[in-house]
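Quick note on my numbering: the sequence shown kicks off at 2 and runs consecutively.
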Amino acid sequence: MSDPIMLGTEKEYADCVLRLIDESSSFIDDIRSRKIKFLTASSRCRIDELIESADSCEMQKVRSIAPSLQALNGDLSILLKKFQIIKSAYRTDETLKSFLGDYTQNPSNSCSKLINFIDSSITQMDSVIAKYSDVDRAKKPAHTWIMTVLSNHSGDSVYKKARKARLVLESIRNLIGELQGVCHSSKLELLNIRNTASKNLSKAGRLTYKSPFDNNQEKGAA
2 MSDPIMLGTE
12 KEYADCVLRL
22 IDESSSFIDD
32 IRSRKIKFLT
42 ASSRCRIDEL
52 IESADSCEMQ
62 KVRSIAPSLQ
72 ALNGDLSILL
82 KKFQIIKSAY
92 RTDETLKSFL
102 GDYTQNPSNS
112 CSKLINFIDS
122 SITQMDSVIA
132 KYSDVDRAKK
142 PAHTWIMTVL
152 SNHSGDSVYK
162 KARKARLVLE
172 SIRNLIGELQ
182 GVCHSSKLEL
192 LNIRNTASKN
202 LSKAGRLTYK
212 SPFDNNQEKG
222 AA
């Protein structure tokens, strides 16, 4: 007899994998279509332009945002590459044996690796969310200062610099708003996929993998 199916049925396991691939593709496509970030370093994107604009701004309070944008750029790159890796593996082999192991031979191992990948993706997504929250906090003092300048100056060089700086901040605000929507939507779907896998694995009662998200979910349910 074959090993008991760890995820309820092999079809349910395959469905979870397919949902993960679909979400990975959707996230990459959303980020790329909005020109927030591209997978190829040779292509300039909005976040690259904003880092350059902030770093070259004549207003110090705006220049101070550049490091936070660079940190966001780095974490977003890691997340995109992570999703791209599993997409590429799926294109080569839809069973993802090389990535998650052979489910038919060891369901427990494949399911553990699946949930492990989802959990690590959620962790990286949280890091991206934390980084764009840092950017949002960093731009608030700059916004307050710019509005003060604009309300007290008219037509002089400081006023013109403040107007240019405000345009940079508006572009940053727009990018963060779009990124926030994409990330929160994607994180919700990742959590849903993970919950589906976790419930079925709990029924089987043979999973030894302990997720860092399990305790949080239990607390939330209490």
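Positions of the beta carbon are idealized from the N, C-alpha and C atoms, including for glycine.
| Query | Result |
| --- | --- |
| For D76, which of helix, strand or coil comes out of DSSP? | helix |
| Which class does D120 belong to by DSSP, given the choice of helix, strand or coil? | helix |
| Quick check on S57: buried or exposed, where buried means 16 or more other Cβ atoms within 10 Å of its Cβ? | exposed |
| Can you give me the Cβ contacts of D137 inside the same chain, cut-off strictly under 6 Å, excluding the 5 residues immediately before and after it? | I177 |
| Exposed or buried, what is K200 when buried is set at 16 or more other beta-carbons lying within 10 Å of its beta-carbon? | exposed |
| Kindly indicate which three-state DSSP category F100 falls into: helix, strand or coil? | helix |
| Does F39 come out as helix, strand or coil in the three-state DSSP assignment? | coil |
| When you compare only the Cα positions, how much space is there between R167 and I147? | 7 Å |
| Distance, Cα to Cα, L80 vs D157? | 44 Å |
| Have a look at I29 and S113 and give me their C-alpha separation to the nearest angstrom. | 25 Å |
| So the candidates are K12, D31 and A163; which of them puts its Cα closest to the Cα of S187? | D31 |
| Look at the alpha carbon of K12 and the alpha carbon of Q125, and state the distance between them as a whole number of angstroms. | 28 Å |
| So, using beta-carbon positions, are C17 and A198 closer together than 9 Å? | yes |
| According to DSSP, is S3 helix, strand or coil? | Residue placement at S3 cannot be trusted, given a pLDDT of 44 that sits under 50; the coordinates are not used to answer. |
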